[in-house]
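Under this note's numbering, read the sequence shown as residues 254 to 566, first letter to last.
Cβ atoms here follow ideal geometry from the backbone N, Cα and C, with glycine treated the same way.
This structure is a prediction, so every number in the text was calculated from the model and none was measured.
A short write-up of the structure that comes next.
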Amino acid sequence: MIATFRSLIQHNLAAKILALLVALILWGYVMNDQNPSIDGSFTVQLTMKNVPDGYKVVQSADTLKVRVRGPRSLFVNNDGSDFTAYVDLKDAQKGKNVCKVQIVAPQGFEVVEAKPDTVEVTLDPIVSKQVRADIYVNGSPAPGVTVAKVSQSSPEVSVEGPESAVNEVARVIGYVGLNGKNDSDFDLQVPLTAINADGREVQGVTVSPSAMYVSLQMARGLLKKIVAIQPLTGDDLSKDYELTGVRVDPAKIEIAGKNSVISGISSIETEKVSLADVTRNTDKTVKLILPDGVTVTNHDVVVHITVRARKNE
């Protein structure tokens, strides 16, 4: 049996070897002609690995273009979702990091190029801080009625988010609207918004609580009067600067109270404004110092402070 099989193999061996070589050549020719190696590109989603806890991740790119080379048939059977592109943040530090993109391609593909091949990844730690909460009253109550007192559940709230955004928050504000029909005391929940020193809303932070319980006491029979506002500043300005101007907005305000109380009042002072941190023209929101028996709709005003550097003598 074995001898017969050996004889079968060895019979016309040279012709058989030649036929095999021709078959391999033809197969290679057909494969190269019908399924040649070509270049192509895929858009691949970029992912992050080993993201540290307690950070917000901001990346300069979410996708990248990957140019690859491979048999034509692979381009028919694969798309961008079959590729993996990632950045390993295991050794990344707080702040900006320039990271190499790693690419895993399906079998049979050769990665020729990736754009971009590096991305900038910023790790922004999640932090929180306490900030002042200010409640403003807009509109007018019913005729003959004035706002006697505005009470809020807490003078401060917590703001949480990426450190860069939280550092921008100066305070939170809420608004109470009077509609001309308010003639008695009332309570409500006031939504709060985080703002920066310029009065613009700060995005990407969470205010906790998101709304504050506010109580308004209304009063009848009080007289009203317009008086000037006098800003008070501290004497703690750096010796490298000199104070060139202080202006308050609004310059005047309407106060309310019994005639015996407000008749002798011509101006209302602000709380003392510290200048210790002032190195350029600055706006600061401060509260009014109200005598007993005097009420105002809004207790906060903005003090505009202008300074200039002292010249070396």
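TODO: Taking the CB atoms as reference points, tell me whether S411 and M465 lie closer together than 8 Å.
DONE: No. Outside cutoff.
Open item on the list: Do G487 and K653 have their beta-carbon atoms positioned less than 8 Å apart in this structure?
Closed with: With the chain covering 254 to 566 only, the question about residue 653 has no answer from this structure.
Task: Pair within 8 Å by beta-carbon distance, E416 and D377 - done: yes
- [ ] Can you tell me which of K343, P359, A358, D335 puts its alpha carbon nearest to the alpha carbon of C352?
- [x] K343
- [ ] Hey, could you find the ends of the beta strand (DSSP E) E507 is sitting in?
- [x] 505 to 510
TODO: Locate the beta strand (DSSP E) running through S417, then write down its first and last residues.
DONE: Per DSSP, S417 belongs to no beta strand (DSSP E); it is in the alpha helix (DSSP H), 416 to 419.
Open item on the list: Please report the straight-line C-alpha distance between G546 and A450, rounded to a whole angstrom.
Closed with: 31 Å
Open item on the list: In whole angstroms, give me the CA-to-CA distance for K564 and L490.
Closed with: So the alpha carbons of these two residues sit roughly 15 Å apart.
TODO: Kindly list the residues whose CB is nearer than 8 Å to the CB of T548, restricted to its own chain and excluding five residues on each side of it in sequence; keep chain order.
DONE: T399, V400, A401, K402, A472, L475, I508, A509, G510
TODO: Quick one: give me the first and last residue of the beta strand (DSSP E) that V501 is part of.
DONE: 494 to 502
Task: Boundaries (first-last residue) of the beta strand (DSSP E) holding F439 - done: 439 to 444
TODO: Indicate the three-state DSSP secondary structure (helix, strand or coil) for D436 in the structure shown.
DONE: coil
Open item on the list: Buried or exposed for R424, going by 16 or more other Cβ atoms inside 10 Å?
Closed with: Around the beta carbon of R424, 16 or more other beta carbons lie within 10 angstroms, which makes this residue buried.
- [ ] Tell me, to the nearest whole angstrom, how far the beta carbon of L441 is from that of V467; I am working on the premise that it is less than 8 Å.
- [x] 6 Å
Open item on the list: Out of G433, S513, Q360, which one is the CA nearest neighbour of A395?
Closed with: G433
- [ ] Note down, in chain order, each residue of its chain lying with its Cβ closer than 6 Å to the Cβ of T371, except the 5 sequence neighbours on either side.
- [x] V351, K353
TODO: Quick one: grab the DSSP three-state call for I515.
DONE: helix
- [ ] Spatial neighbours of E413 within its chain, please: CB distance less than 6 Å, with the 5 preceding and 5 following residues excluded, ordered by chain position.
- [x] S381, T459
Task: Rounded C-alpha distance that separates P305 from A345 - done: 9 Å
Open item on the list: Assuming contact is defined by CB atoms lying nearer than 8 Å, are Y339 and K302 in contact in what I supplied?
Closed with: yes
- [ ] Work out the CA separation of S313 and T375 for me, nearest whole Å.
- [x] Near 9 Å, if we compare the C-alpha coordinates of S313 and T375.
Open item on the list: So, with DSSP's three-state summary, where would you put S527?
Closed with: coil
- [ ] Given a cut-off of 8 Å, decide if I482 and I426 are closer than it, judged by their beta-carbon atoms.
- [x] no
TODO: Helix, strand or coil for R563, going by three-state DSSP, please let me know.
DONE: coil
TODO: Count the other CB atoms, across all protein chains shown, that sit within 10 Å of the CB of P484; report buried if there are 16 or more and exposed otherwise.
DONE: With 16 or more other CB atoms across the displayed protein chains lying within 10 angstroms of its CB, P484 is buried.
Open item on the list: So for G546, helix, strand or coil by DSSP?
Closed with: coil
- [ ] Taking the CB atoms as reference points, tell me whether V321 and V364 lie closer together than 8 Å.
- [x] Yes; because the gap between Cβ atoms is below 8 Å, this pair is in contact.
Task: V480 to S516 span [Cα, whole Å] - done: 11 Å
- [ ] Below 6 Å CB to CB, which residues in the same chain sit around V555 once its five sequence neighbours on both sides are set aside?
- [x] Closer than 6 Å at the Cβ level, and outside the excluded window around V555, lie D502, D536, T538.
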